[in-house]
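What follows is a single structure, written as structure tokens, with notes after it.
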Amino acid sequence: MDFGPYLMLATLEGAVTAAVLALTASGLALVFGVMRVVNVAHGEFFMLGAVLAWWVTHILGGSAAFGFVVALIVVPVLVGLLAAITDMTILKRIDYDPERTIVATIGILYILQQVTLMTYGPDARPVVPPFNTRIALPWFEFVDGKISLYWPWGLSITSYKLAVIGAAVLVLIGLWLLMTRSKLGLLMRATEQDRDMALAFGIPVERVYALVFGLGAGIAALAAVLIVPIQQAHYLMGHDPLLLSFIVVIIGGLGSLPGTVLAALLIGLSDGIISVFFSPTLAKILATLLVALVLVFRPQGLFGARKA
Amino acid sequence: MSLLSAKGLSKHFNGLVAVEDVSLSVPEGQVRALIGPNGAGKTTLVGMLSGRIAPSSGAVSFDGQDVTVWPAHKRIAAGMGYTFQITSVFPNLSVLENVALAARRKVSENRRVIETVNVALDRVSLLDRRSEVAGDLSYGHQRLLEIAMGLAQSPKLLILDEPTQGLADGEVAAFNTLIDELRGNITVLLIEHNMDVVMQVADFVTVLDAGKVLFEGTPDDVKASAEVQAVYLGGGDAAA
Amino acid sequence: MMGGMQKSLLLHGGVLVVLFALQFVLPAYHHGNLARIMVLASYAMGYNLLFGYTGLLSLGHALFFAAGLYGMGLAMSQFGLSAGIALMVGILLGALVGAVIGALALRTEGVAFMIVTLMFAQAGYLTVLYFGAYTRGDEGFVIAQADRVLLSLDLSDPTVRYFAAFSVFCAVFIMCYLAVQSRFGKVLIAIRENEDRARMLGYDVARYKLAAVVLSASLSALAGASYGLLFGYVGASFASVQYSIFPLLWVLLGGAGTVLGPLIGTLFMFYLIDLSSGITTAYMLIAGVVLVFLTLFAPQGLMGELRRRVWRWLP
Chain X
3 MDFGPYLMLA TLEGAVTAAV LALTASGLAL VFGVMRVVNV AHGEFFMLGA
53 VLAWWVTHIL GGSAAFGFVV ALIVVPVLVG LLAAITDMTI LKRIDYDPER
103 TIVATIGILY ILQQVTLMTY GPDARPVVPP FNTRIALPWF EFVDGKISLY
153 WPWGLSITSY KLAVIGAAVL VLIGLWLLMT RSKLGLLMRA TEQDRDMALA
203 FGIPVERVYA LVFGLGAGIA ALAAVLIVPI QQAHYLMGHD PLLLSFIVVI
253 IGGLGSLPGT VLAALLIGLS DGIISVFFSP TLAKILATLL VALVLVFRPQ
303 GLFGARKA
Chain A
1373 MSLLSAKGLS KHFNGLVAVE DVSLSVPEGQ VRALIGPNGA GKTTLVGMLS
1423 GRIAPSSGAV SFDGQDVTVW PAHKRIAAGM GYTFQITSVF PNLSVLENVA
1473 LAARRKVSEN RRVIETVNVA LDRVSLLDRR SEVAGDLSYG HQRLLEIAMG
1523 LAQSPKLLIL DEPTQGLADG EVAAFNTLID ELRGNITVLL IEHNMDVVMQ
1573 VADFVTVLDA GKVLFEGTPD DVKASAEVQA VYLGGGDAAA
Chain G
1021 MMGGMQKSLL LHGGVLVVLF ALQFVLPAYH HGNLARIMVL ASYAMGYNLL
1071 FGYTGLLSLG HALFFAAGLY GMGLAMSQFG LSAGIALMVG ILLGALVGAV
1121 IGALALRTEG VAFMIVTLMF AQAGYLTVLY FGAYTRGDEG FVIAQADRVL
1171 LSLDLSDPTV RYFAAFSVFC AVFIMCYLAV QSRFGKVLIA IRENEDRARM
1221 LGYDVARYKL AAVVLSASLS ALAGASYGLL FGYVGASFAS VQYSIFPLLW
1271 VLLGGAGTVL GPLIGTLFMF YLIDLSSGIT TAYMLIAGVV LVFLTLFAPQ
1321 GLMGELRRRV WRWLP
């Protein structure tokens, strides 16, 4: 394949990564933005989404599309509920102390991961996509000074991958509307601005926190359900999304939704393109170092305004 | 000879002027009071003198050296003792260890540390509470512990940021006596709201208003100044 | 009636005597385990110096442990250095990495410090994988038995190994015991309790914190290098995030900011995981449950609770 078509393919694959990453990271950003806590177990909620999606489609059997649609609706709700319960039983009791929350969510990470290992097992299992048409893509070349299209061999994408991108965009728009236009979003933003003031105004801060924590995990689970037909479900699959979400959320300016989406696009696309040319390990090393240095040298702008 | 002096100190926060072109000079051995209504810039000024806040412009010199760019810990090590306006002790450590931490920076031998601690605690009448946990002390006693921590450093200059705030009347009287005992031995910069204390213990008073030096003089001059009366004493703050 | 100082000396000395004596009575399996535990507990003590005493929670200590491990291992496998010199190389590399990471990460605090250390350690782990040609990546490499000789003692012999592990533990234990009661240690505690106040007592807080990081990193590297040398294996899993979480877990369980806590926590956790791994492959579940339980109900850990309730003199 020539360079041009190759780059286009890498860009499209990168766009799928970026879309899923944008969703997963938004969940993390939402939780950090409103609650000012870092949820280290975020990747495990993602993993749970994928594994539960396998369970749901497996139990329902029948048509792939039906099982998948049920999973798409049921799984994020289940994971969100589980997260909300975690919030109320654990995080609330340690009063959302930032450092203790990290330690507690590390514990939750292991619990979720290991319970999955005990029940679901160590195997990676696929979920059949609801539809999966291969779409060949055209490229152009100059023949006698005129542009003409042709279909290079191997330059194609599946309809499902395009649908993933579309779905991610829709969910992100929905989340944006929820945060900016709804009463619920107003409550969240009020809590984010000043927790004590929100309490004084009679906002049920505890319930808002449980809801936000559940919503954040639910969005990660939704991203996982979307990706599982492409990636397979495995009990260790939460690690990479967690790390990448951290990177995205920090570069995007912790807690800011538009910044997060933009950073996800940047990382997702460049990850796809860079790993075409460089070793993916080297790309990851550079990305983690970049994030560490961003936090060291630009903490004020990128880490949001931490209360002293 | 002046121990501490500031020349043209200013501090702007995002365009807001907190302190504007303040110069002052505290001679060795003096008890200097710094007063002014809330928002006059006292805390910012003291922050710049002690190195907690970097000035926008101007210079600070201490004990014959230009310390403008020195970090706070270096100024303290050079002989500035500092007590916080909002009580800041080590709440989980014993009273003894709180003061010992203050003493140990200069004195290394264990026996002499304990001696220094005992002298400092005795001065503020906390000696019999030395093995209690600092966080368990009453508010007033924690204020006194702060002062003991300042004394244990045997500083050349002791900066006391509203030391009598929240003290009972008897404790305020004891504080006045303490300052009288110290007079002549060390230099004191006292940020104070309680005008009775200022009138009793200060040798000289600097009045700050709206970030500028409004007036300087003896306590009697301050009392007599119509200017100060109008801006400060008349403002209702005097009663506080 | 003994004073706190004597009681504390007696208790800590007694622990060392018991550890020394145990080698004569333990069956081979537990004998080997305890040698491992003593080296890992040294790692935990290094971690405790920073987390328990200075109040800095790092999520990236595997980087320092691995610096010691790989510094030692590569010095032997790539440069053919002898065990003793390789051990020094490991410790020095740990100190150097500690100084660089410390200087950078200490510009942040709290949650940002945790994330920054996590990220640096992750970059370190990936670097080990990236240079797979030398490190042999995940698979790791073995240090030949013939090379594991220090002062003409065969470190692979169980008796020698136990004694070597005990020596490392002893050295770190006594150092920590003295350090936390010295002026240096007391300033670290002051920084943990109230950093601003410590600064306004004239202590150069930044320098003390950097010194704490470097010391903690060096001890972690000593443990890492010793571990590789005594058990003959160098692998990337020791650089993974799990090995950053372990010392946190051990120290939290045993009691952060106590000299004995790291040993107690490592001992308990080692056997909890050892026992449960006989039953299930999901043995890290125990680690998760313990972490959550400790955060919720016993943030002081075992020795911390003991100090709070009974032995107030515990250092």
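Chains X, A and G supply the protein sequences, listed in that same order. If you're matching positions, the first sequence starts at 3 in our numbering and goes up one per residue. If you're matching positions, the second sequence starts at 1373 in our numbering and goes up one per residue. If you're matching positions, the third sequence starts at 1021 in our numbering and goes up one per residue. The C-beta atom is built at its ideal place from N, Cα and C for all residues, glycine as well.
One alpha carbon belongs to L164 of chain X, the other to L1249 of chain G, and they sit about 53 Å apart.
When DSSP states are grouped into helix, strand and coil, Q1437 of chain A belongs to the strand group. Around Y1067 of chain G, the same chain offers H1081, P1267, V1271 as residues with beta carbons nearer than 6 Å, after the five sequence neighbours per side are excluded.
Put simply, the backbone Cα of L1292 of chain G is about 10 Å away from that of M1304 of chain G. A distance below 7 Å between beta-carbons, with the five flanking residues on each side excluded, links V1225 of chain G to the following residues of its chain, in chain order: I1211, E1215, A1218, R1219.
According to the DSSP secondary-structure assignment, V1169 of chain G is paired through a beta bridge with G:D1174. Per DSSP, the beta bridge partners of I137 of chain X are X:I159. Annotated as distal: I1163 of chain G and M1058 of chain G, with beta-carbon spacing of 9 Å or more.
The DSSP-derived three-state label of Y122 of chain X is coil. Per DSSP, the unbroken alpha helix (DSSP H) holding K185 of chain X starts and ends at 185 to 195. According to the DSSP assignment, R1404 of chain A belongs to no alpha helix (DSSP H) but to the beta strand (DSSP E) extending over 1403 to 1407. For chain G, none of the residues of the segment 219 to 233 of chain X brings a beta carbon within less than 8 Å of one of its beta carbons. Beta-bridge partners assigned by DSSP to L1272 of chain G: none are found. Interface annotation, K1379 of chain A: not in contact with chain G, CB-CB separation never under 9 Å. Interface with chain G (9 Å Cβ-Cβ cutoff): T262 of chain X is excluded. At a cut-off of 9 Å between beta carbons, L1221 of chain G contacts chain A. Nearest in C-alpha terms to V18 of chain X, of all of X:T290, X:A225, X:V117, is X:A225.
Secondary structure at R1555 of chain A: strand, using DSSP grouped into helix, strand and coil. Distance from the Cα of A1318 of chain G is smallest, within the candidate group X:M37, X:R102, X:A266, for X:R102. The closest CA to that of R1168 of chain G, considering only G:L1101, G:L1149, G:F1193, is found on G:L1101. L1113 of chain G is positioned such that its CB atom lies no closer than 9 Å to that of L1239 of chain G.
The segment 1117 to 1201 of chain G contains, as complete alpha helix (DSSP H) runs of 4+ residues, the segments 1131 to 1150, 1152 to 1155, 1178 to 1201 (chain order). The residue from X:G187, X:Q233, X:Q234 with its alpha-carbon nearest to that of L213 of chain X is X:G187.
With contacts defined by Cβ atoms closer than 9 Å, A1125 of chain G and S1078 of chain G form a contacting pair.
Following the DSSP letters along the chain, one finds M1452 of chain A inside the beta strand (DSSP E) bounded by residues 1452 to 1455. Shown here, I1458 of chain A sits in coil according to DSSP, grouped into three states, outside any helix or strand. Just measuring C-alpha positions, the residue of A:G1380, A:R1404, A:S1422, A:V1439 sitting nearest D1393 of chain A is A:G1380. Secondary structure at E1543 of chain A: helix, using DSSP grouped into helix, strand and coil.
Separation of the CB atoms of P243 of chain X and F48 of chain X is rounded to 5 Å, and the pair is thereby assigned contact status at 8 Å. Sequence-ordered contacts of the segment 1186 to 1210 of chain G with chain A read R1203, K1206, V1207, I1209, A1210 [C-beta pairs closer than 9 Å]. DSSP, read as helix, strand or coil, puts F34 of chain X in helix.
At least one C-beta of chain A is nearer than 9 Å to the C-beta of E1213 of chain G. Assigned with DSSP and collapsed to three states, S1397 of chain A falls in strand. Boundaries of the alpha helix (DSSP H) harbouring V207 of chain X: 207 to 233, taken from the DSSP string. Close partners of V1312 of chain G in chain A (Cβ separation under 7 Å) are lacking, with about 25 Å as the shortest Cβ gap. Of the candidates G:I1306, G:T1278, G:M1289, G:T1278 places its Cα closest to the Cα of W1333 of chain G.
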